[in-house]
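Student:
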Amino acid sequence: MKEQGLSIQDIIHIAAFAALIAAGSILVIPLGPVPLTLQTMLVALAGLILGPRNAVLAFLLYLLAGMLGMPVFAGGKAGLGVLFGPTGGYLFGFIIMAWICGVAGRKKALWLAAALLLFGLAAAHACGIAMLCFTLKRSLVQACAIDAVFLPGDLAKACMALAIWRMLQKKNAHA
0 MKEQGLSIQD IIHIAAFAAL IAAGSILVIP LGPVPLTLQT MLVALAGLIL GPRNAVLAFL
60 LYLLAGMLGM PVFAGGKAGL GVLFGPTGGY LFGFIIMAWI CGVAGRKKAL WLAAALLLFG
120 LAAAHACGIA MLCFTLKRSL VQACAIDAVF LPGDLAKACM ALAIWRMLQK KNAHA
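Per numbering that gives the first Met the number 0, residue 0 is the first one in the sequence shown, and the count goes up by one each step.
#1: Given this structure, state the Cα-to-Cα distance separating L116 from A17, to the nearest angstrom.
#2: Using only CA atoms, which one of M130, A103, A123 and C143 lies nearest to L161?
#3: For S24, is the classification buried or exposed, using 16 other Cβ atoms within 10 angstroms of its Cβ as the cut-off for buried?
#4: In the structure shown, what three-state DSSP assignment does F83 receive?
#5: Name the one or two DSSP bridge partners that L35 has.
#6: Specify the secondary structure class of F212 as computed by DSSP and reduced to three states.
#7: Return the chain-ordered list of same chain residues with a C-beta closer than 7 Å to the C-beta of G68, the five sequence neighbours on each side being excluded.
#8: Under 8 Å Cβ to Cβ from K156, same chain only, skipping five residues before and after it: list those, please.
#9: In the DSSP assignment, find the alpha helix (DSSP H) that holds F58 and state where it starts and stops.
#10: Indicate whether the contact test is met: 3 or more Cβ pairs, each with one atom in the segment 90 to 97 and one in the segment 53 to 68, closer than 8 Å.
#11: Within this structure, are the beta carbons of P51 and G119 separated by less than 8 Å?
#12: Going by other Cβ atoms of all chains shown within 10 Å of its Cβ, with 16 needed for buried, is L167 buried or exposed?
#13: If you drop the 5 nearest sequence neighbours on each side, which residues of the same chain put their C-beta closer than 6 Å to that of P70?
#14: Which term fits L19, buried or exposed, when burial requires 16 or more other beta carbons within 10 angstroms of its beta carbon?
#15: Relative to the alpha-carbon of P32, which residue among A147, L135, C158 and L139 has its alpha-carbon at the smallest distance?
#16: With burial defined as no fewer than 16 other Cβ atoms inside 10 Å of the residue's Cβ, what is the status of H173: buried or exposed?
#17: Rounded to whole angstroms, what's the CA-CA distance from N171 to K106? Just pull it up for me.
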């Protein structure tokens, strides 16, 4: 099957989600080397709504903006240094999460979408833990302890993304 190109509507949705992810990165709650933001919820929502390809493109556009110096990373940071610092693993992991959540958004069964969303979240956390080990020179156990602080909030944000997606599905079904 031939891959379809991007429509104007796709480009607008990709840009809008890149901007939403950037906006969700501005307000932070500092929790050590990695701050708490709304990125997790917005990456999951981008995947659920946009699908795998467009969600990944939205997140890559967000990353490109940050790499080019726009202050879109957590707390208004920018530059390549962020990608290779303690938060970089989560940023790389969000690419995988966006794709997996995009696959989840194509599922009709809520339980299957939820399971895939959790799998995407686990992938992002695994990448984050790996980078914490590398950048902070911590053991796997220490990095997991740092990461564990985020699990309750990230699970709540994933549930919010799932609830918003489901609401939009029901609204579109009645339209």
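The C-beta atom is built at its ideal place from N, Cα and C for all residues, glycine as well.
Tutor: Answer, in terms of the structure:
#1: Residue numbering aside, residue 116 sits at position 117 when the sequence shown is read from its first letter. Residue numbering aside, residue 17 sits at position 18 when the sequence shown is read from its first letter. Those two C-alpha atoms are separated by around 19 Å.
#2: The residue labelled residue 161 in the question sits at position 162 within the sequence shown. Considering only M130, A103, A123 and C143, the residue with the shortest C-alpha distance to L161 is A103.
#3: In the sequence shown, counting from the first residue as 1, residue 24 sits at position 25. S24 should be labelled buried.
#4: Start at 1 with the first residue of the sequence shown, and residue 83 comes out as number 84. It is coil, neither helix nor strand.
#5: Numbered from 1 along the sequence shown, position 36 holds the residue referred to as residue 35. Looking at the DSSP output, L35 sits in a beta bridge with I28.
#6: Outside the modelled stretch of the chain, which goes from 0 to 174, sits residue 212, for which no answer is possible.
#7: For the purposes of this step, residue 68 is taken as residue 69 along the sequence shown, with counting starting at 1. For G68, the CB contacts under 7 Å within the same chain, skipping 5 residues up- and downstream, are A77 and G78 in chain order.
#8: The residue given as residue 156 occupies position 157 in the sequence shown. So the list reads L37, T39, M40 and A43, once near-sequence residues are dropped.
#9: Residue 58 sits at position 59 when you count from the first residue of the sequence shown. That run of the alpha helix (DSSP H) goes P51 to M66.
#10: Yes, since at least three Cβ pairs between the segment 90 to 97 and the segment 53 to 68 fall closer than 8 Å, the two stretches touch.
#11: The residue labelled residue 51 in the question sits at position 52 within the sequence shown. The residue labelled residue 119 in the question sits at position 120 within the sequence shown. No.
#12: Residue numbering aside, residue 167 sits at position 168 when the sequence shown is read from its first letter. Only exposed fits L167, as fewer than 16 other CB atoms lie within 10 angstroms of its CB.
#13: Here residue 70 is taken as the residue at index 71 of the sequence shown, counted from 1. Counting only residues of its own chain and dropping the five nearest sequence neighbours on each side, P70 has a CB closer than 6 Å to the CB of A77.
#14: Position 20 of the sequence shown, counted from the start, is the residue given in the question as residue 19. Label assigned to L19: buried.
#15: Locating residue 32 in the sequence shown gives position 33, where the first residue counts as 1. Minimum Cα distance to P32 is reached at L135.
#16: The residue given as residue 173 occupies position 174 in the sequence shown. Burial check for H173: the Cβ neighbour count within 10 Å stays below 16, so the residue is exposed.
#17: The residue given as residue 171 occupies position 172 in the sequence shown. The residue given as residue 106 occupies position 107 in the sequence shown. Approximately 15 Å, taken between the alpha carbons.
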